[in-house]
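Working notes, beginning with the structure itself.
2 protein chains.
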Amino acid sequence: MTIDRQSLYRSLARPADSRILYYVIDGIGGLPREPGGGTELEAAVTPTLDRLADEGSTGLITPVAPGVAPGSGPGHLSLFGFDPLATLVGRGVLETLGIGFELRPGDVAARINFCTLDGRGNVTDRRAGRISSEVGAPLAERLDGIEVGGDVTCLVRHVKEYRACVIFRGAGLDGRIADTDPQVTGVPPEVPVHLDPAAERTAQLAAEFIAAATARLAGEERANGILLRGFDSFHGLPGLEELYRLKAAAVAAYPMYRGVARAVGMTVFESADTLASRVELTREALGAHDFVFVHFKATDSRGEDGDFDAKVEQIEAADQTLAALLALDFDVVAVTGDHSTPATYRAHSWHPIPVLIWGPHCRANGATGFGETACLQGALGQIRSMDVLPLVLAQAGRLEKFGA
Amino acid sequence: MTIDRQSLYRSLARPADSRILYYVIDGIGGLPREPGGGTELEAAVTPTLDRLADEGSTGLITPVAPGVAPGSGPGHLSLFGFDPLATLVGRGVLETLGIGFELRPGDVAARINFCTLDGRGNVTDRRAGRISSEVGAPLAERLDGIEVGGDVTCLVRHVKEYRACVIFRGAGLDGRIADTDPQVTGVPPEVPVHLDPAAERTAQLAAEFIAAATARLAGEERANGILLRGFDSFHGLPGLEELYRLKAAAVAAYPMYRGVARAVGMTVFESADTLASRVELTREALGAHDFVFVHFKATDSRGEDGDFDAKVEQIEAADQTLAALLALDFDVVAVTGDHSTPATYRAHSWHPIPVLIWGPHCRANGATGFGETACLQGALGQIRSMDVLPLVLAQAGRLEKFGA
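These protein sequence lines map, in sequence, to chains P and U.
In terms of my numbering, the first sequence is residues 39 to 442.
In terms of my numbering, the second sequence is residues 39 to 442.
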């Protein structure tokens, strides 16, 4: 008899009085700017991170698999204890979660691109001339609420510029449907084709939605049609309370992170992108929660900009925020990132991410401070992102012994 | 929904202009000759390996599982990105690939031992008095081309001394057949027994082949019979182009390595066992390929001889070959071995193998040079052999991001 990983932890989880800070510094991992130099984290002055690393245990984590750079969705689901390869969430669902939309199990989501159609219905521009958000937002609103099949509502939300998403809500829906984007111009959009017999009706409803939406866009010069991609059913994920008996809250300034947090049952506190707001909302969250996920975004953004020095500055700001959060009195603190975003690489990368866990029962590391090279000798070793939460639960006295 | 490892990488792979050198120094890993001493690699003077290690990232790799010494087949398949426990290839197939025979999907291969039978058909020597290759080779040739069942050809190739292999080629064959070697003397060979109903006809054809072969050996004093072992169907493996969109070539002097390379779709360049030949063929391969696997054999052979100093010399020769290869201008270079062959152990061993990856986006190691102890603090950590290729693809800009 075999027990799977999720069932193992679920069976061992027990409630406790301990309070946990789960602090994600987005894209914290980096690379040296020049051979022999330090990374962004190694260049930054981070007295609080260094102290926690020295009092606690450090290591390096791989989010998905060696060589694989994760998006924010799988990066965070891994940190929340989910195996990212066993918890595939389609792009339509991720995009919808990412704008903070509250999906319900059974919903089918897809991405919308506004497009330009000529008089014969052929696509002439797959992105509708890259219309601005000012143009796209009211168009998305115009499509919201179309009813199809008598019992299915199509909720449309604007994402950015020529992009939006549609959520089909009703009974018996199935997201196994092919894209309608033909990928080339000069041909009409594809009709929605079901990839599984169970999705036949949903594909018909999607076709009805496209017809109704196109009618509502008639007369628009550039955005007079839509292309649908990334159809996916939202099955729901078990929440952190159900899995780990945690009362979990999220403090995050950006919709993507609030969306992922909500998907795993966290109570979401929408913060401003400031130290004061993060600390104040964390204080508030601690009233009714014992686990607070705090998200710090700017490190990733500066990495994507390719601005090494600005990322160093943001890591220092994240360190100062951490110092202020610690005044709220936690029993266990974890600090890490959802992925690396080296400024020299200007994108999410596959490099393992530094992690530290600070708590009452920590082994000493083989090197001091919090940096990529020091973490090579950390007491946690080189592990998977999904293993961080169980180690935190153990530090917090929240996992029973396995077996007699 | 779950995605398996191979599908994950296949879905993320994208072509790029980058050129990759994949340099396998067979059996490179070793052990100290005396307590406190260095390994063969640590004793060798290897300026090029040391420089690439310091500019790149190092680590240690385990080919199959802790404690398991691999043969050359699984050792190389792991380096080519295959999970060796999910890519079982039977001994008959490996032996056949190992002599450079070009198997086709659907072929069934088995190993042959020539044996001695007495007048009543009982086995008196399971290895035919260990006849020499000079005796064995023409006997194998004598058995080649036997036809059975009207539509199946039995191709026989000599391997070494009393060993050969047979390839059954025809439609509808199935290799799930038990060995005919009785493992003891004084009894007749077993008849081929099918282990699955689908293999019933193939087992009958194997019996026909044995009868015809024994007739052709009548009058031989020692090798007047055959025993068949390791029956296996060859299903074919997906190639590196299909899996990773690599145009892959192999430069190798020995048939075993050419066989494994061919099995994963590489174009094979048969080199002499010299620096000049390896470099010239690699240059030629780069004309139409972007990934070149170069195999260096003598390190393993000297390890199996138990000759520490000779293995040190061969590691130095491998280092000089590497220096010459680098002049051909690669974007990413990986150097490792398919297994360790410590001279003190005189055989393939289970010890993790030093690995280095050199490319544009490398983290610094915690120690300098290329040796087993330094690699303990390498930035790649301690990983599996099958994870080396994905890390190389990432360095080469050949893997997309996973998830939004």
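From the three backbone atoms N, C-alpha and C, an ideal C-beta is built for every residue, glycine too.
Exercise. Are the stretch 159 to 172 of chain P and the stretch 332 to 346 of chain P touching by the rule of at least three beta carbon pairs closer than 8 Å?
Worked result: no
Problem set entry | Distance CB(residue 61 of chain P)-CB(residue 363 of chain P) smaller than 9 Å | yes
Exercise. How would you call residue 349 of chain P, buried or exposed, if buried means at least 16 neighbouring beta carbons within 10 angstroms?
Worked result: buried
For this session: Counting only the same chain and skipping the five closest in sequence on each side, list residues whose C-beta sits under 7 Å from that of residue 294 of chain U.
Result: 110, 136
For this session: Mind checking which residues open and close the alpha helix (DSSP H) that includes residue 349 of chain P?
Result: 346 to 364
Problem set entry | Whole-number beta carbon distance between residue 434 of chain P and residue 54 of chain P, since they are thought to touch under 8 Å | 6 Å
Exercise. Taking Cβ to Cβ, would you say residue 64 of chain U is nearer than 9 Å to residue 379 of chain U?
Worked result: yes
Exercise. For the alpha helix (DSSP H) that contains residue 247 of chain P, what are its first and last residues?
Worked result: 238 to 254
Problem set entry | In chain order, each alpha helix (DSSP H) run of at least 4 residues that lies wholly inside the stretch 46 to 95 of chain U | 78 to 81, 85 to 93
Problem set entry | Chain-ordered neighbours of residue 383 of chain P on chain U, where CB pairs are closer than 8 Å | 399
Exercise. Taking the C-alpha atoms as reference points, what is the distance between residue 88 of chain P and residue 230 of chain P?
Worked result: 54 Å
Exercise. Can you pull the DSSP bridge partners for residue 198 of chain U?
Worked result: U:201
Exercise. Beta carbon of residue 372 of chain U, beta carbon of residue 59 of chain U: below 9 Å?
Worked result: yes
Problem set entry | chain U contact for residue 339 of chain P (CB, 9 Å cutoff) | no
Exercise. To which residues of the same chain is residue 160 of chain U closer than 7 Å at the C-beta, ignoring the five residues directly before and after it?
Worked result: 224, 225, 226
For this session: Round the Cβ separation of residue 233 of chain U and residue 216 of chain U to the nearest angstrom and send it over; I've been treating them as touching at under 8 Å.
Result: 6 Å
Exercise. Can you find a C-beta in chain U that's less than 9 Å from the C-beta of residue 333 of chain P?
Worked result: no
For this session: Please confirm whether residue 120 of chain U and residue 260 of chain U have their CB atoms less than 9 Å apart.
Result: no
Problem set entry | Under 9 Å by beta carbon: chain P residues contacting residue 425 of chain U | 103, 104, 105
Exercise. What is the residue span of the alpha helix (DSSP H) that residue 116 of chain P lies within?
Worked result: 110 to 117
Problem set entry | the stretch 384 to 395 of chain U in contact with the stretch 90 to 100 of chain U per 3-pair CB rule at 8 Å | yes
Exercise. Can you tell which of P:250, P:322, P:413 has the C-alpha that lies nearest to the C-alpha of residue 180 of chain P?
Worked result: P:250
For this session: Per DSSP, which residues does residue 213 of chain U bridge with? Please list them.
Result: In the DSSP output, where bridge partners are listed per residue, residue 213 of chain U has none listed.
Problem set entry | N- and C-terminal bounds of the beta strand (DSSP E) containing residue 158 of chain U | Counting along the chain, residue 158 of chain U falls outside any beta strand (DSSP E), and DSSP gives it neither H nor E.
Problem set entry | Short-range partners of chain U found in the stretch 358 to 386 of chain P, where Cβ spacing is below 8 Å | 380, 382, 383, 385, 386
Problem set entry | alpha helix (DSSP H) segment containing residue 319 of chain U, residue limits | 313 to 323
Exercise. Checking contacts by CB at 9 Å: is residue 43 of chain U closer than that to chain P?
Worked result: yes
Problem set entry | residue 41 of chain U versus P:66, P:107, P:78, P:122, residue with shortest Cα-Cα distance | P:122
Problem set entry | 9 Å Cβ cut-off: residues of chain P touching residue 394 of chain U | Within chain P, no residue comes near residue 394 of chain U; the closest Cβ sits about 15 Å away, beyond 9 Å.
Exercise. Would you call the stretch 142 to 150 of chain U and the stretch 296 to 306 of chain U touching, i.e. three or more CB-CB distances under 8 Å?
Worked result: no
Problem set entry | residue 340 of chain U in three-state terms, based on DSSP | helix
Problem set entry | CB contact below 9 Å: residue 3 of chain P versus chain U | Lying outside 39 to 442, the shown extent of chain P, residue 3 of chain P is not represented and no answer is given.
Problem set entry | Whole-angstrom distance between residue 178 of chain U and residue 266 of chain U, CA atom to CA atom | 13 Å
Problem set entry | Integer Cβ distance of residue 66 of chain U from residue 46 of chain U, believed to fall under 8 Å | Their Cβ separation, rounded to whole angstroms, is 29 Å, which puts residue 66 of chain U and residue 46 of chain U out of contact at 8 Å.
Exercise. Taking the C-alpha atoms as reference points, what is the distance between residue 171 of chain U and residue 129 of chain U?
Worked result: 20 Å
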